[in-house]
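Working notes for the structure below.
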C-alpha cells in the first residue's frame, strides 16, 4: 500500500490522478492545505506507528518541515518528495537523494505534476499522458496567461467548482486508457459549468477590484534596493484569487497584491515584479511559502477581531468555537 500527501489545487489533485493510474486502489490519498499539514500528519503517524502500513509515502506539490527527519529517521527510507516551490530548495538540499525539488526543468518553470509524472513514467507505472500534464503545468506556472488557450484555466475551474474528489474520480477514469486532447478533455456537463463560470468570474473579479484598498508601505524586507511600495489589499472569499491578484497588479498598478480570506485564515499574494520574492516573504512572515510571484500563507486574525469587536463593551475572558 502507498500513501500520497498532496496539495489542494489543480497541480496537487493531478498528482493524485497519476497515483491512481499507477497504483489503482493500492494508494491512499490525503489532501493537505499547506506544509504544516504535511508535517503534522507525518509526526502524528510516526507516533502512532501508522507509517508501518505503507511501503512508500509520497509528498507532491508541497513540502514539510525537514527538521522532523532528525527525530523521525525511519522516514528517510520510505519518503519521496516532489515539489517545485522555490522555498523548498534549500531546506531539502541535503536530502536530494530522495527529494526532487526543482523550480525549472528544461529551461522553463515546472510543477509538481510534471516532476511526479516523469518519475512514474521512468518506472513504467504510467503511459504517455503528456497533453494532460502540460495543461496542468501551464496553469500552475501561469504560462497559460501568455498563450492563446484557456484550457489550463478551465481545468483549474473544474477543481474549484466541482471539487477535488470529482476531479480525481472523473479524470482518473478519463485518463485510464489514453491521454486526453482538446476535443475530449471535458464532457457536456462540465462545458456548461465552465460557460456559466466564465461570466461569474468576470463579475466577481470586477467587483473585488473596486473593493481593493491601496496602501503606501515602507519596508526594508520586501526588496533590497527599495523601501517604498504600493500594496493592494482586498478581503475576499473568491475562487478566482490567481486572476484577481494578477488583475490587481496589472490594472491597479500595485507592487504586491494581498487577498485575505478571513473565513479560512489565509492570505494569497501576487506580484508582477521580477525583483520581489513573494515566496520568501510568505515563508518568513506568514508561515507559508510558494513561488517568487505567487505564494500564500496563514493569517488567522479571528481572536484579534473578536477582541477588537467585543472589547468596546467589556473584557473578553474566553473564546471558544462551537463544535
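Numbering (the numbering used here), first residue to last: 993 to 1315. Using N, Cα and C, we set each Cβ at its ideal position, and we do this for glycine too. This structure is a prediction, so every number in the text was calculated from the model and none was measured.
message = Just verifying my parser: in three-state terms, what is the DSSP assignment at residue 1280?
response = coil
ask   = Skipping 5 residues on each side, what residues in its chain have a beta carbon closer than 7 Å to that of residue 1265?
value = 1247
message = According to DSSP, is residue 1313 part of a helix, a strand, or is it coil?
response = coil
query = Can you tell me where the alpha helix (DSSP H) with residue 1110 in it begins and where it stops?
reply = Counting along the chain, the alpha helix (DSSP H) containing residue 1110 begins and ends at 1104 to 1114.
message = Contact defined as beta carbons within less than 8 Å: I believe residue 1171 pairs with residue 1123. What is the distance between those atoms, to the nearest angstrom?
response = 5 Å
ask   = How about residue 1301 and residue 1267: do their beta carbons lie closer than 7 Å?
value = no
request  = Please say whether residue 1006 and residue 1128 have beta carbons closer to each other than 7 Å?
outcome  = With a cutoff of 7 Å on beta-carbon distance, residue 1128 and residue 1006 are scored as near each other.
request  = Could you spell out where the beta strand (DSSP E) holding residue 1259 opens and where it closes?
outcome  = 1258 to 1262
request  = Would you check if the region 1220 to 1231 and the region 1169 to 1188 touch, i.e. whether three or more CB-CB distances between them fall below 8 Å?
outcome  = Inter-segment contact for the region 1169 to 1188 and the region 1220 to 1231 is absent: fewer than three beta-carbon pairs are separated by less than 8 Å.
message = Let me confirm a value: residue 1240 is counted as buried when at least 16 other C-beta atoms fall within 10 Å, else exposed. Which label applies?
response = Result: buried.
request  = Could you tell me the distance, in whole angstroms, from the CA atom of residue 1198 to the CA atom of residue 1035?
outcome  = 43 Å
query = Hey, out of 1243, 1260, 1205, 1161, whose CA is closest to residue 1231's CA?
reply = 1260
inquiry  = Tell me the rounded alpha-carbon separation between residue 1145 and residue 1136.
reply    = 8 Å
Cβ neighbour criterion (16 or more within 10 Å) applied to residue 1306 = exposed
ask   = Short check: CB of residue 1079 to CB of residue 1237, under 7 Å?
value = For the pair residue 1079 and residue 1237, the CB atoms are not nearer than the 7 Å cut-off.
ask   = How many angstroms separate the CA atom of residue 1056 from the CA atom of residue 1263?
value = 24 Å
ask   = Which one of 1125, 1100, 1204 has the shortest CA to CA distance from residue 1011?
value = 1125
query = Any idea what DSSP makes of residue 993, helix, strand or coil?
reply = Under the three-state reduction of DSSP output, residue 993 falls in the coil class, being neither helix nor strand.
request  = For residue 1210, count neighbouring C-beta atoms within 10 Å of its own C-beta (all shown protein chains included) and say buried if the count is 16 or more, exposed if not.
outcome  = Result: exposed.
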